[in-house]
Amino acid sequence: MKTTINQVHKYVNQEVTIGAWLANKRSSGKIAFLQLRDGTGYMQGVVVKAEVEEEIFNLAKKLTQESSLYVTGKIVEDTRSPLGFEMQVNHLELIHEAVDYPITPKEHGTEFLMDHRHLWLRSKRQHAIMKIRNEVIRATYEFYNKENFVKIDPPILTGTSAEGTTELFHTKYFDEDAYLSQSGQLYMEAAAMALGKVFSFGPTFRAEKSKTRRHLIEFWMIEPEMAFVEHEESLQLQEQYVEYIVQAVLKNCQIELDTLGRDKSKLEQIKAPFPRITYDEAVAFLKDKGFDDIEWGDDFGAPHETAIAESYDKPVFITHYPTSLKAFYMKPDPNRPEVVLCADLIAPEGYGEIIGGSERIDDLELMEQRYEEHDLTGDAYKWYLELRKYGSVPHSGFGLGLERTIAWISGTEHVRETIPFPRLLNRLYP
Ligand code: 4AD
Ligand code: MG
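One point on numbering: in this note's numbering, the residue at position 417 of the sequence shown is 544, and numbering is uninterrupted.
Structure follows, in structure tokens:
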């Protein structure tokens, strides 16, 4: 019977065959312990000299790291392994011998590992992070389906800038100029007027010259947009969504979290509601903490966000930023037009901003005024203005950065390990 490592619990005391790679090996004159991986998990295969044909034991002893093989044997319980099972190997069939695999069990530098990302993905930690990424994606679709959102795919090639705050990738689009999308939001607003509650999930691009542990050039964003939803209601959905994905990972990725040595008690606390502070309160708090340089109207940097996050064991919303700091489409607070109805959600433990969101301007005249202030001339933005012309309604939305969220949940220091093939300031390979 051919099966996979994550299914062996169904075959206790039965003989099965698994296609696998050799992750590691220990052997003596009488016994060989093969650490096998097949993509679904890790399992030990035990080859006992006295119980197999001589050539099989010889093969087991000379197997090299990352060689591929079919292993056949009996599945038995093994309470010491995280899997709970191991294989008593009867037969081995070498498929391909790997010679001089570059990533050995010793320590390697990050640049070396990044140059070998196509192979590094096979290692235990990277495997665990990709499984967690998959669970966050799965739980995201589940959550928004449960909440009756419609998935909408905004274009990647666009004629406009959505954020204005970051650099765009430019390309020629036949005779026109085009940019890789930095956010699908403007299109999602159009979709919300057609379908009510919508979400997008796709790659976005920012030509930022930032070289920090939180910045990727290409990253994935989940962008819900909701008609007839004001700021407060949007915050409630955001905290429910974040709780949902964290709890899903806790439930379905226990082996992976343990592999990464993640403190699970920190994740267990992630339940809605989340604390909220206003930008004004955040500035006062930072001054109090000794950040003398910060003035009302300044944006927060990573050290400021971390200082604020350290006061909480849950993500914290910072709301009502100065209008001047934020994107042109954000709705001013009717009682205080110098601030906008927005919030950034800051993850605990120094992982930074994972969500940016706001209520959107729905008044045509005010939007026209913003167009002038931000010099959004030309035809490219014409359609967006028309959303305010024909049946405008209050609406809100937000964007969650997938990789920063995974970095936080998995306890991974740098976002570059949370995406299969990171695009960084100095890296387009592999
Ligand atoms: O705060 P941002 O720029 O918001 C928007 O783009 C809005 N249009 C979203 C919306 O309202 N629909 O980006 C949203 C999130 C950030 O909070 C962060 O998690 C992530 O996207 N992000 C990045 N992640 C990795 N690398 C980068 N360079 C990122 N820039 C933003
Ligand atoms: Mg932001």
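All C-beta atoms, glycine included, are put in the ideal place defined by N, C-alpha and C.
Checklist line | Those residues, in chain order, that have a beta-carbon closer than 6 angstroms to some heavy atom of the ligand 4AD | finding: 289, 290, 310, 312, 333, 335, 342, 343, 346, 348, 350, 480, 481, 482, 483, 484, 524, 525, 526, 528, 530, 531 and 542
Notebook entry, point to check: Got a sec: does the ligand MG put a non-hydrogen atom nearer than 7 angstroms to the Cβ of residue 440?
Noted result: In the sequence shown, counting from the first residue as 1, residue 440 sits at position 313. Checking the Cβ of residue 440 against the ligand MG gives no.
Next item on the list: Please state if the CB of residue 250 and the CB of residue 361 are separated by a distance shorter than 8 angstroms.
Entry: Start at 1 with the first residue of the sequence shown, and residue 361 comes out as number 234. Start at 1 with the first residue of the sequence shown, and residue 250 comes out as number 123. Taking 8 angstroms as the Cβ cut-off, residue 361 and residue 250 do not qualify as a contacting pair.
Next item on the list: Return yes when the Cβ of residue 326 is within less than 8 angstroms of the Cβ of residue 401, no when it is not.
Entry: The count along the sequence shown starts at 1 and reaches residue 401 at position 274. The count along the sequence shown starts at 1 and reaches residue 326 at position 199. Cβ distance not < 8 angstroms, so residue 401 and residue 326 don't count as in contact.
Note to self: Less than 8 angstroms between the beta carbons of residue 209 and residue 283, yes or no?
What the structure shows: Position 82 of the sequence shown, counting from 1, holds the residue named residue 209. Position 156 of the sequence shown, counting from 1, holds the residue named residue 283. With contacts defined by Cβ atoms closer than 8 angstroms, residue 209 and residue 283 do not form a contacting pair.
Margin query: With a threshold of 7 angstroms (Cβ to nearest heavy atom), would residue 425 be considered close to the ligand MG?
Written below: Here residue 425 refers to the residue found at position 298 of the sequence shown. The closest heavy atom of the ligand MG lies 7 angstroms or more from the beta carbon of residue 425.
Next item on the list: Following the continuous beta strand (DSSP E) through residue 219, name the residue where it begins and the one where it ends.
Entry: Along the sequence shown, one-based indexing puts residue 219 at 92. Here the beta strand (DSSP E) through residue 219 covers 212–223.
Note to self: So if DSSP puts residue 148 in a beta bridge, which residue, or which two residues, is it bridged to?
What the structure shows: On the sequence shown, residue 148 is found 21 positions in, with the first residue counted as 1. DSSP output for residue 148 lists 164 and 195 as bridge partner(s).
Check: From residue 449 to residue 427, what does the alpha carbon distance come to, in whole angstroms?
Finding: Here residue 449 refers to the residue found at position 322 when the sequence shown is read from its first residue. Here residue 427 refers to the residue found at position 300 when the sequence shown is read from its first residue. Their Cα atoms are separated by approximately 12 angstroms.
Note to self: Helix, strand or coil, according to DSSP, for residue 339 in the structure here?
What the structure shows: Looking up residue 339 in the sequence shown gives position 212. Residue state, collapsed to three classes: coil.
Notebook entry, point to check: Under the three-state reduction of DSSP, which class applies to residue 430: helix, strand or coil?
Noted result: By 1-based counting over the sequence shown, the position of residue 430 is 303. Note: residue 430 maps to helix in three-state DSSP.
Item checked: residue 395 to residue 509 span [Cα, whole Å] -> If you number the sequence shown from 1, residue 395 lands on position 268. If you number the sequence shown from 1, residue 509 lands on position 382. If I take the Cα positions, the gap works out to 46 angstroms.
Check: Across which residues does DSSP place residue 451 in a beta bridge pair?
Finding: Residue numbering aside, residue 451 sits at position 324 when the sequence shown is read from its first letter. None, per the DSSP bridge assignment.
Check: Taking the continuous beta strand (DSSP E) assigned at residue 299, which residues delimit it?
Finding: Counting from 1 along the sequence shown, the entry for residue 299 is found at position 172. Counting along the chain, the beta strand (DSSP E) containing residue 299 begins and ends at 297–300.
Notebook entry, point to check: Just the Cα atoms here: how many angstroms apart are residue 600 and residue 266?
Noted result: What the structure shows of the chain is the stretch from 128 to 557, and residue 600 is not part of that stretch, so it cannot be assessed.
Note to self: Taking its Cβ as the centre, do 16 or more other Cβ atoms sit within 10 Å of residue 558, making it buried, or is it exposed?
What the structure shows: Residue coverage of the chain in this structure runs from 128 to 557, which leaves residue 558 outside it and unanswerable.
Item checked: Pick from 453, 385 and 381 that is closest to residue 483, judged by C-alpha positions -> Residue numbering aside, residue 483 sits at position 356 when the sequence shown is read from its first letter. Looking at the Cα atoms, 453 is the closest of the given residues.
Next item on the list: Note down, in chain order, each residue of its chain lying with its Cβ closer than 7 angstroms to the Cβ of residue 146, except the 5 sequence neighbours on either side.
Entry: The count along the sequence shown starts at 1 and reaches residue 146 at position 19. Same-chain partners within the cutoff: 165 and 197.
Next item on the list: Kindly list the residues whose CB is nearer than 7 angstroms to the CB of residue 386, restricted to its own chain and excluding five residues on each side of it in sequence; keep chain order.
Entry: Position 259 of the sequence shown, counted from the first residue, corresponds to residue 386. Answer for residue 386: 251, 252 and 255, listed in chain order.
Notebook entry, point to check: Hey, is the segment 291–308 in contact with the segment 354–369, meaning 3+ C-beta pairs nearer than 8 angstroms?
Noted result: Between the segment 291–308 and the segment 354–369, the count of Cβ pairs shorter than 8 angstroms is below three; the stretches do not touch.
Check: Helix, strand or coil: how does DSSP classify residue 473 here?
Finding: Position 346 of the sequence shown, counted from the first residue, corresponds to residue 473. If DSSP states are grouped into helix, strand and coil, residue 473 belongs with the strands.
Note to self: Does the distance between the C-beta of residue 471 and the nearest non-hydrogen atom of the ligand MG fall short of 7 angstroms?
What the structure shows: Here residue 471 corresponds to residue number 344 of the sequence shown, with the count starting at 1. Relative to the ligand MG, the beta carbon of residue 471 is positioned inside 7 angstroms of a heavy atom.
Item checked: Among 445, 141 and 476, nearest to residue 411 - alpha-carbon criterion -> Here the question's residue 411 lines up with position 284 in the sequence shown. Measuring from the Cα of residue 411, the nearest candidate turns out to be 445.
Checklist line | Residues bridged to residue 524 (per DSSP) | finding: Start at 1 with the first residue of the sequence shown, and residue 524 comes out as number 397. In DSSP, residue 524 forms a bridge with 352 and 485.
Next item on the list: Using a threshold of 8 angstroms, state whether the C-beta atoms of residue 140 and residue 201 are closer than that.
Entry: As a working mapping, residue 140 is identified with position 13 in the sequence shown. As a working mapping, residue 201 is identified with position 74 in the sequence shown. Closer than 8 angstroms, so yes.
Next item on the list: Put residue 158 into one of helix, strand or coil per three-state DSSP.
Entry: Indexing the sequence shown from 1 puts residue 158 at position 31. In this structure, residue 158 counts as strand in the three-state DSSP scheme.
Next item on the list: Go through its chain and collect everything with a Cβ distance to residue 232's Cβ below 7 angstroms, but skip five positions before and after it.
Entry: For the purposes of this step, residue 232 is taken as the residue at position 105 of the sequence shown. So the qualifying residues of the chain are 151.
Next item on the list: Pick helix, strand or coil for residue 396, following the three-state DSSP scheme.
Entry: Counted from its first residue, the sequence shown places residue 396 at position 269. In this structure, residue 396 counts as coil in the three-state DSSP scheme.
Note to self: Applying the 10 Å Cβ sphere with the 16-neighbour rule, what's the burial state of residue 502?
What the structure shows: One-based indexing of the sequence shown puts residue 502 at position 375. Residue 502 is exposed by the Cβ-count criterion.
Next item on the list: Since I believe residue 333 is in contact with residue 294 (beta carbons under 8 angstroms), could you give me their beta-carbon distance rounded to a whole number of angstroms?
Entry: Taking the first residue of the sequence shown as position 1, residue 294 is located at position 167. Taking the first residue of the sequence shown as position 1, residue 333 is located at position 206. Confirmed, about 7 angstroms.
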